[in-house]
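To keep things clear, I will list the structure first and then write my remarks on it.
There are 2 protein chains.
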Amino acid sequence: MDNFDFYSPTEFVFGRDTESRCGECVARYGGSRVLIVYGGGSAVRSGLLARVGASLDAAGIVHTALGGVRPNPTDDKVREGIALCRAHGIDMLLAVGGGSVIDTAKAIAAGVPYDGDFWDFFEHKVTVSEALPVGTVLTIPAAGSEGSGNSVITNAALQKKISLRTPRALRPRFSILNPCLTFTLPAAQTAAGATDMMAHIMERYFTNTPDTAVTDALSEALLRTIAEATPQAIARPDGYAARATLMWSGTLAHNGLCGTGCEEDWASHFIEHELSAIYDVTHGAGLAVVFPAWLTWMARHHAAKTAQWARNVWGVAEGSDDTATTLAGVDRFKQWLRSVGMPVTLAELGIDRPDIALLNSRLHEHMGPTVGHYVPLTAADTEEIYRLAL
Amino acid sequence: MDNFDFYSPTEFVFGRDTESRCGECVARYGGSRVLIVYGGGSAVRSGLLARVGASLDAAGIVHTALGGVRPNPTDDKVREGIALCRAHGIDMLLAVGGGSVIDTAKAIAAGVPYDGDFWDFFEHKVTVSEALPVGTVLTIPAAGSEGSGNSVITNAALQKKISLRTPRALRPRFSILNPCLTFTLPAAQTAAGATDMMAHIMERYFTNTPDTAVTDALSEALLRTIAEATPQAIARPDGYAARATLMWSGTLAHNGLCGTGCEEDWASHFIEHELSAIYDVTHGAGLAVVFPAWLTWMARHHAAKTAQWARNVWGVAEGSDDTATTLAGVDRFKQWLRSVGMPVTLAELGIDRPDIALLNSRLHEHMGPTVGHYVPLTAADTEEIYRLAL
Numbered sequence: 078m079d080n081f082d083f084y085s086p087t088e089f090v091f092g093r094d095t096e097s098r099c100g101e102c103v104a105r106y107g108g109s110r111v112l113i114v115y116g117g118g119s120a121v122r123s124g125l126l127a128r129v130g131a132s133l134d135a136a137g138i139v140h141t142a143l144g145g146v147r148p149n150p151t152d153d154k155v156r157e158g159i160a161l162c163r164a165h166g167i168d169m170l171l172a173v174g175g176g177s178v179i180d181t182a183k184a185i186a187a188g189v190p191y192d193g194d195f196w197d198f199f200e201h202k203v204t205v206s207e208a209l210p211v212g213t214v215l216t217i218p219a220a221g222s223e224g225s226g227n228s229v230i231t232n233a234a235l236q237k238k239i240s241l242r243t244p245r246a247l248r249p250r251f252s253i254l255n256p257c258l259t260f261t262l263p264a265a266q267t268a269a270g271a272t273d274m275m276a277h278i279m280e281r282y283f284t285n286t287p288d289t290a291v292t293d294a295l296s297e298a299l300l301r302t303i304a305e306a307t308p309q310a311i312a313r314p315d316g317y318a319a320r321a322t323l324m325w326s327g328t329l330a331h332n333g334l335c336g337t338g339c340e341e342d343w344a345s346h347f348i349e350h351e352l353s354a355i356y357d358v359t360h361g362a363g364l365a366v367v368f369p370a371w372l373t374w375m376a377r378h379h380a381a382k383t384a385q386w387a388r389n390v391w392g393v394a395e396g397s398d399d400t401a402t403t404l405a406g407v408d409r410f411k412q413w414l415r416s417v418g419m420p421v422t423l424a425e426l427g428i429d430r431p432d433i434a435l436l437n438s439r440l441h442e443h444m445g446p447t448v449g450h451y452v453p454l455t456a457a458d459t460e461e462i463y464r465l466a467l
Numbered sequence: 078m079d080n081f082d083f084y085s086p087t088e089f090v091f092g093r094d095t096e097s098r099c100g101e102c103v104a105r106y107g108g109s110r111v112l113i114v115y116g117g118g119s120a121v122r123s124g125l126l127a128r129v130g131a132s133l134d135a136a137g138i139v140h141t142a143l144g145g146v147r148p149n150p151t152d153d154k155v156r157e158g159i160a161l162c163r164a165h166g167i168d169m170l171l172a173v174g175g176g177s178v179i180d181t182a183k184a185i186a187a188g189v190p191y192d193g194d195f196w197d198f199f200e201h202k203v204t205v206s207e208a209l210p211v212g213t214v215l216t217i218p219a220a221g222s223e224g225s226g227n228s229v230i231t232n233a234a235l236q237k238k239i240s241l242r243t244p245r246a247l248r249p250r251f252s253i254l255n256p257c258l259t260f261t262l263p264a265a266q267t268a269a270g271a272t273d274m275m276a277h278i279m280e281r282y283f284t285n286t287p288d289t290a291v292t293d294a295l296s297e298a299l300l301r302t303i304a305e306a307t308p309q310a311i312a313r314p315d316g317y318a319a320r321a322t323l324m325w326s327g328t329l330a331h332n333g334l335c336g337t338g339c340e341e342d343w344a345s346h347f348i349e350h351e352l353s354a355i356y357d358v359t360h361g362a363g364l365a366v367v368f369p370a371w372l373t374w375m376a377r378h379h380a381a382k383t384a385q386w387a388r389n390v391w392g393v394a395e396g397s398d399d400t401a402t403t404l405a406g407v408d409r410f411k412q413w414l415r416s417v418g419m420p421v422t423l424a425e426l427g428i429d430r431p432d433i434a435l436l437n438s439r440l441h442e443h444m445g446p447t448v449g450h451y452v453p454l455t456a457a458d459t460e461e462i463y464r465l466a467l
């Protein structure tokens, strides 16, 4: 096990009706003038924004709102939010939505006290040393942003989707997790979210670091739990138990717990980010296509940990050959993905004639000569992986 | 799954040589004048206290020390620490040791800014609203106090061992976890620590709350991991991997993760506390005797979750009868306990003629008419459990 720092200070307030505790939570973490950031009209139509507003009102907290954040959120909305915060003397962000909304709120929070352009943080020219505090009310379990210090924003003009990671500054102070808010999620979004969670765990799990018994056991347990709960949530969208399982799993998948003591990989995420940036696909659906391709490539090049995954997550019987064991696991993973309605090829994802040369050159332009750590992938390797996804 | 708040803001700094980061951590959390609390001479002889002091010196932090904390720590040392803090204008506590040392430091931290007697907190007359910040350098993985807001202190005059639980005030700001510091732990202490960790998980796991899939899966994974690592650590005391596994497991066993969404039990801990208070036994060894007795009683009265435990932790084959499945699990658990050198009866614990009437009357005097939640145990029930431990 490698040395590590694990710091997950976010207060998670989990359960039915917990959005009624927004005011209490904002006040506890020092907010008095709040910008509520949200996405489409569903938060309005469902009455959620009104309930959040009522809770803030009851606590005497002034608030204004910024809607219209879209999936694969872009820099323009961040700039709009920064200007709004400055104009209204905002001292806390409250994101009401999924990962896109939360990531936008975090980028705004970093940008407000910064004199330059917030995109400097995403280009890694400057470190976020100061930011407004952020709270969240999660409505889509997937990205794990409610428990992480990360934010992923796409610069529309540059066609660049970049992940900013901060150990402290952008971790939400609190996150309100009410599984009932996810009852209305369509099957496709539920499955894409679950795939994203699994990917967050697997990006950490596929490591060469030896002796990571605790982290492995927790990761395998969460992967099995997500695999079981997802079809249940799809079959019965308003079943509390499966929705609660997915919501809590999604947070634990990405708050750092599953990576303690491991060198992490993250190649599949970066390979997918180019798909999202160019073809605007759903991140989780993109991962459903990329991860099996990445695993298939690994089966033939470095199959030790992937074989452990096949055995302990997918119940593949012990075999003498790690390659065959891994491939059997990939088969079961793909079967599972198909069973919950996910695509497993680029064609199924709706990209009939992907520009692999463009995807791959963008990838290495952003990431350098190699991507990932389990096997550092060269441009030739990642081109093969894009082709395996055809 | 029940509604829950999960808040574990402690920064865990894990790995080799991490005690050299004491100064950095104390400074980050605002300490400038530190009281180091420690136990016996081993922290001095091993050079650990000197290394901690050097790290504080390098960061320009003033420090003084209070040694002599003993297992099952008592109120007198807390009072001594409070006086010392006030005399020296201390603004942070740094506990260097195991659970007894950390619990003492927490009680001191609560007592310093309080006008009355600190024991008021333990008698639940007053809530801890304010406390000095606490950091820890852990040397014994067992109690989990490095990641919890709890403190257990024995009032020697009253022969009362009481657990104080705070959601926020007494959670350490940081905990430094260097597995190498545990290489010198004797086998008996290693095994008692592992038993304590397992008990912390099981006290949360044995619940009637339905639909706790995530929490169950994580708890079962940690229990299996501890069961595997403990004999490895005993066989090779300076093997880093097993020591690291136990250290991180002990923290996760008790920082709240394994209880998310569950009504918790804790009967076995309270039953054991009376043993410790009267016979001064090692807490973990006491639990090794009490928990199998509690489980044996449950096998005949409420065996649903205990049968799940037998199957998923100890690999007992699926049977038609939860009682038989549970008893088979208890057999394996006792075998495991014996294999790592733990006692499983009061006689093996060195208590040949326990005063069960006294233990049981003290227990219900402290806890009221019933103890625990999985089955609320009456005085008649707990008397049976004490007898099952003979």
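Residue numbers (my numbering), protein chains in the order written: chain R, 78 to 467; chain W, 78 to 467.
Backbone N, C-alpha and C define an ideal beta-carbon position, used for all residues, glycine too.
- With the criterion set as a beta carbon lying under 8 angstroms from some beta carbon of chain R, the members of the segment 319-333 of chain W are A321, T322, W325, S326, L329, in sequence order.
- Note that the C-beta distance between T337/R and V291/R is below 9 angstroms.
- Only residues of its own chain outside the window of five on either side were considered, and among them I113, V114, Y115, A120, L125, L126, V129, T213, V214, T216 have a CB closer than 8 angstroms to the CB of V173/R, listed in chain order.
- In the DSSP assignment, P308/R falls within the alpha helix (DSSP H) that extends over 290-312.
- Contacts between L171/W and chain R, judged by CB atoms closer than 8 angstroms, are missing: the closest CB pair is about 18 angstroms apart.
- By the neighbour-count criterion, in which a residue is buried when 16 or more other Cβ atoms sit within 10 angstroms of its Cβ, T455/W is exposed.
- By the criterion of at least three beta-carbon pairs nearer than 8 angstroms, the segment 253-264 of chain R is in contact with the segment 312-331 of chain R.
- Nearest to I303/R by C-alpha distance, out of V211/R, L161/R, T267/R, F199/R, is T267/R.
- L299/W reaches chain R at V291, A294, L295, counting residues in chain order whose Cβ is nearer than 8 angstroms.
- In this structure, the CA atom of H360/R is about 8 angstroms from the CA atom of N149/R.
- The alpha carbon of V90/W has as its nearest neighbour, out of V146/R, T87/R, F81/R, T422/R, the alpha carbon of F81/R.
- Annotation: W371/W to L467/W spans about 12 angstroms, alpha carbon to alpha carbon.
- At least one C-beta of chain R is nearer than 9 angstroms to the C-beta of T95/W.
- Sequence-distant Cβ neighbours of L423/W in its own chain, meaning closer than 7 angstroms and more than five residues away, are V366, P431, A466, L467.
- Contact check for G188/W against I159/W passes: the beta carbons are separated by less than 9 angstroms.
- Look at the segment 80-92 of chain W: the residues with a C-beta under 9 angstroms from a C-beta of chain R are N80, F81, D82, F83, Y84, S85, P86, T87, E88, F89, V90, F91, G92.
- Burial check for L258/W: the Cβ neighbour count within 10 Å reaches 16 or more, so the residue is buried.
- A Cβ-Cβ separation of about 16 angstroms leaves A362/R out of contact with T231/R under the 8 angstroms criterion.
- If you look at L170/R, you'll find it in the beta strand (DSSP E) that goes 169-174.
- By alpha-carbon distance to D134/R, the top candidate from D152/R, S97/R, M78/R, L143/R is S97/R.
- Here P369/R has V407, F410, K411, V421 as same chain residues with Cβ atoms under 7 angstroms from its own Cβ, once five neighbours each way along the sequence are excluded.
- Within the segment 275-286 of chain W, no residue has its Cβ closer than 7 angstroms to any Cβ of chain R.
- Nearest neighbour of L426/W by Cα position, chosen from A269/W, R105/W, K382/W, turns out to be A269/W.
- Contact with chain R is absent for M419/W, since none of that chain's Cβ atoms lies less than 9 angstroms from the residue's Cβ.
- In the three-state scheme derived from DSSP, where H, G and I count as helix and E and B as strand, L323/R is classed as helix.
- Not a single CB atom of chain W sits nearer than 9 angstroms to the CB of Y106/R.
- Non-local C-beta neighbours of T151/R in its own chain, meaning closer than 6 angstroms and more than five positions away in sequence, comprise T231, A233, ordered along the chain.
- Along the segment 81-168 of chain W, the alpha helix (DSSP H) occurs as fully enclosed runs of 4 or more residues at 99-105, 119-122, 125-135, 152-165, listed in sequence order.
- Around the beta carbon of E297/R, a 10 Å sphere encloses 16 or more other beta carbons of the protein chains shown; the residue is thus reported as buried.
- Ranked by how close their Cα comes to the Cα of G176/R, the residues M324/R, A220/R, A142/R have A220/R in first place.
- When DSSP reads this structure, F199/W sits in no beta bridge, so it has no partner.
- Closest in alpha carbon position to T181/W, among G100/W, H165/W, F195/W, is F195/W.
- When 7 angstroms is used as the limit between beta carbons, A306/W is near these residues of chain R: A290, in chain order.
- For the pair R156/W and C339/W, the Cα-to-Cα distance works out to about 36 angstroms.
- By the neighbour-count definition (other C-beta atoms within 10 Å, threshold 16), E88/W is a buried residue.
- For Y191/R and I138/R, the gap between their C-alpha atoms comes out near 25 angstroms.
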